[in-house]
Amino acid sequence: MSPIVEVTGVCKRFGAVSVLEGVSFQVRPGSVVAIIGRSGSGKSTALRCINRLETIDAGQIRVCGHDVTSPKLDVNRLHRDVGIVFQSYNLFPHLTAEENVMLAPRLVLKMPRSEQRELAAHVLAQVDLADKAQAYPSQLSGGQQQRVAIARSLAMKPSLMLFDEITSALDPELTGEVLKVIEGLASNGMSMILVTHEMAFARKVADHVIFMHRGKVWEEGLAEMLDAPRTQELAQFLGTELRPAKADVVVPQP
Amino acid sequence: MIGLTPEQLLFLLRGFGWTIVLSLLAFAGGGVLGFVLALTRVYAARPLRVLAMLYIRLIQGTPLLILLFLTYFGLPALGLVVEPMLAAAIGLSTYVSAYLGEIWRGSLEAVPRTQEEAAACLGLKWRQRLIHVILPQALKIATPPTVGFMVQIVKNTSLASTVGFVELVRAGQMINNATFRPFIVFVLIAALYFALCYPLSAWSQRLERRFDVAHR
C-alpha cells in the first residue's frame, strides 16, 4: 500500500533560523504516527508543512495524492482531504457548536441543510457532545471545545487527520476525554499524525513514533522504542538513562 | 416667546433635516469607500496596501474645510460643476472614508489570524472566510468606535455651511441675520446638535461596555 504521507528531505528556515533540516518520514494509510520532541525541535512546523500552512525551502511532500510542494497545488482540495486540530481549538466564537461543524459542509461541500444537521449530529455524537450542539464555544470547557474542533474537522470526512499538541492547554482530566476520542478514531482506522507531549498516550495508540531533535528525525520506530531509546537525546527527553555502557558511545547523527 | 416666528423655527428645523441627510450621505459614501480601504489595507498586494495607506495619511492630514473647498471650488475649476450638497457629500465622504478605513482595518486585524487559518484548513475560500468567519467577529469589534465616529460626522457637517449648503448652521446664520438674536438662535442650534449626538455617544459607550464584558 503506498503511503498516504511521504515527506522527503524537507528543509525549512524562518529567517536565519533553520527549523527543519532534511526531514523524511512516511505514514501508511490507517496508521497512527506520533511525533514527539522538545519544544523547538520542529515537530509542529513539520506538521504544518504537511497541509501547506507553511511553505518549505527544499524537499518534497506528497499527501493523499497531492504534491504539496507543487505551485499548481489546489490548496482548498488539499484541505478537504486533510483535517487539522490545533492546540488552541480555534473554534469560531460567533457560532454554536453545531454551526461550527456545519459551516464547511455547507460552504465547501454545498450539502443540503437537512444533511448538514444529520452530519453535525453524527460527528458531535462521535465526540460525545450530542447534548451541546446549541452551545457557544464560550459556554464549553476546554476539553469540550477541543472535541467540537475535532468534530468540525471530521465533518469534512478527511482521509488524514493532523493533531497539533491538542491537549497541551488542557488539565489531565480534560486531556483524558479528548484522548478517548482520538483512540476511538484510531480504532476506526483513521490515518493520523499526532504531535504530542503525552508519552503514555503515544505509547498506547501510535503504531509508529518519530522523535525529532534539532530539526531532524533523530530516531523513529515502533512505539516500543520509547522503552529502549537508542540515542542519548531520546533517553534524556524521556527522562530515562541509557545503560552506562552505551551512554558513552557517541551516536552518529542521522 | 423666543422672538422667532413659526416660519423661522420651521426653517431651522428644515436645516436640521438637511444636517441629518448630509450626515447619512457622508456615512454611506465614506462607509463604502472606507470598507474598500480597510480590505485593501489588510488583504491586498503590497503596492495597493501602500497606496491605501498614503491616501489615508493624506486625508487625515488635511483639514476637512480644505477638502470641502476643493470639491466645491476645485471641481468646477476642472470643469465639473457640483451642487453645494453634492460637493459637501463628496468632501465629507472622502474625509470619513479615511477614518472609517483605519477603524475597520484595526477591527479586521483584531480578529486572531488563527481564525482565518482554521477556516482555510476546512477548505473555505477567501471570500467565504471573510464573510462567514472574519467579518462577523470584526463587526462586533468595530461597532463601538464606528458609532462613536458618527458623532464626529454629524458635528463636522456644520462645515458644509461654508460652501453654501443650507444645513442647520447655515440656516441659523440666515435667521440670525434677519432677527439679530444670536444667543437664542445658536443655543437652539447647539441643542439640536446635542439631541442628535448625545444618544449616539451614549449608545457607543453602552456598546463598548458590553463588548468589554464579553471579553473579560
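If you're matching them up, the sequences are chains A and B in order.
Number 155 in this note's numbering belongs to position 155 of the first sequence; there are no gaps in the numbering.
Number 80 in this note's numbering belongs to position 80 of the second sequence; there are no gaps in the numbering.
We treat Cβ as the ideally placed atom computed from N, Cα and C, and that holds for glycine.
Note that the coordinates shown come from a computational prediction; the quantities given were computed from them, not determined experimentally.
For the alpha helix (DSSP H) that contains Phe-237(A), what are its first and last residues?
232-238
Do you know how far the Cα of Phe-16(B) is from the Cα of Leu-168(B)?
5 Å
Determine whether the beta carbon atoms of Met-102(A) and Ala-130(A) lie at a separation below 8 Å.
The criterion of a C-beta distance shorter than 8 Å is not satisfied by Met-102(A) and Ala-130(A).
Hey, is Leu-25(B) close to the ligand HEM, as in C-beta under 7 Å from one of its heavy atoms?
The ligand HEM is not among the ligands present in this structure, which contains no ligands whatsoever.
Would you report the Cα separation of Ala-247(A) and Gln-232(A), rounded to the nearest angstrom?
Confidence at Ala-247(A) is low in this model, with a pLDDT of 43, below 50, so the placement of that residue should be treated as unreliable; the coordinate-derived value is given next. Roughly 7 Å between the two C-alpha positions.
According to DSSP, is Ser-255(A) part of a helix, a strand, or is it coil?
Beyond the ends of chain A as shown, which are 1 and 254, falls residue 255(A); an answer cannot be given.
Could you give the uninterrupted runs of the alpha helix (DSSP H) lying entirely in the segment 93-138 of chain B, keeping only those of 4 residues or more?
113-121, 126-129
Rounded to a whole number of angstroms, what is the C-alpha to C-alpha distance between Ile-35(A) and Arg-105(B)?
39 Å
Can you tell me which of the three DSSP states Ala-247(A) falls into?
Here the model assigns Ala-247(A) a pLDDT of 43, short of 50, so the residue's position is not dependable, and the following value carries that caveat. Three-state DSSP puts Ala-247(A) in a helix.
I'd like to know whether the C-beta of Ala-257(A) is nearer than 8 Å to at least one C-beta of chain B.
The first residue shown for chain A is 1 and the last is 254, placing residue 257(A) beyond what the model contains.
Could you give the distance in angstroms between the alpha-carbon of Leu-47(A) and the alpha-carbon of Ile-56(A)?
12 Å
Does any residue of chain B have a CB that is nearer than 8 Å to the CB of His-122(A)?
no
Would you say Ala-178(B) lies against chain A (beta-carbon separation less than 8 Å)?
no
Count the other CB atoms, across all protein chains shown, that sit within 10 Å of the CB of Pro-71(A); report buried if there are 16 or more and exposed otherwise.
That one is exposed.
Hey, does Pro-199(B) have any beta-carbon neighbour from chain A nearer than 8 Å?
no
Could you check what DSSP says for Glu-219(A) in three-state terms: helix, strand or coil?
strand
Interface residues of chain A around Ala-138(B) at Cβ under 9 Å?
Per Cβ cutoff of 9 Å: no residues; Ala-138(B) is ~10 Å from chain A at best.
Who are the neighbours of Pro-93(A) on chain B, taking C-beta pairs under 8 Å?
Gln-137
Counting only beta-carbon atoms, is Thr-143(B) nearer than 8 Å to chain C?
Of the protein chains in the structure, A and B, none is chain C.
CB Leu-200(B) to CB Val-133(B), shorter than 8 Å?
Going by C-beta atoms, Leu-200(B) is not nearer than 8 Å to Val-133(B).
Give a yes or no on whether 8 Å exceeds the smallest Cβ distance from Asn-51(A) to chain B.
Nearest CB-CB separation between Asn-51(A) and chain B: below the 8 Å threshold.
Within 10 angstroms of its Cβ, does Met-1(A) collect 16 or more other Cβ (buried), or is it exposed?
It counts as exposed.
Determine the DSSP secondary structure at Val-19(A), reduced to helix, strand or coil.
Assignment of Val-19(A) by DSSP, reduced to helix, strand and coil, places it in the strand class.
Can you name the residues of chain A whose CB is closer than 7 Å to the CB of Ala-120(B)?
His-79
Along the chain, which unbroken stretches of the alpha helix (DSSP H) at least 4 residues long are found entirely within the segment 95-183 of chain A?
Fully enclosed alpha helix (DSSP H) runs of 4 or longer: 97-107, 113-126, 142-154.
So what does DSSP say about His-213(A), is it helix, strand or coil?
It is a strand residue.
Could you confirm whether any beta carbon from chain B is found closer than 8 Å to the beta carbon of Phe-14(A)?
no
Could you tell me whether any Cβ in chain A is nearer than 8 Å to the Cβ of Leu-108(B)?
no
Inspect the beta-carbon positions of Thr-71(B) and Leu-100(B) and report whether they are closer than 8 Å.
no
Compare the C-alpha of Ser-39(A) against each of Arg-52(A), Val-19(A), Asp-67(A) and name the closest.
Val-19(A)
For Gln-87(A) versus Ile-210(A), is the C-beta distance shorter than 8 Å?
no
Interface residues of chain B around Met-156(A) at Cβ under 9 Å?
Result: Leu-122, Gly-123.
Answer with yes or no whether the minimum CB distance from Phe-297(A) to chain B is below 8 Å.
With chain A represented from 1 up to 254, any question about residue 297(A) goes unanswered, as that position is not in the structure.
According to DSSP, is Ala-44(B) part of a helix, a strand, or is it coil?
coil
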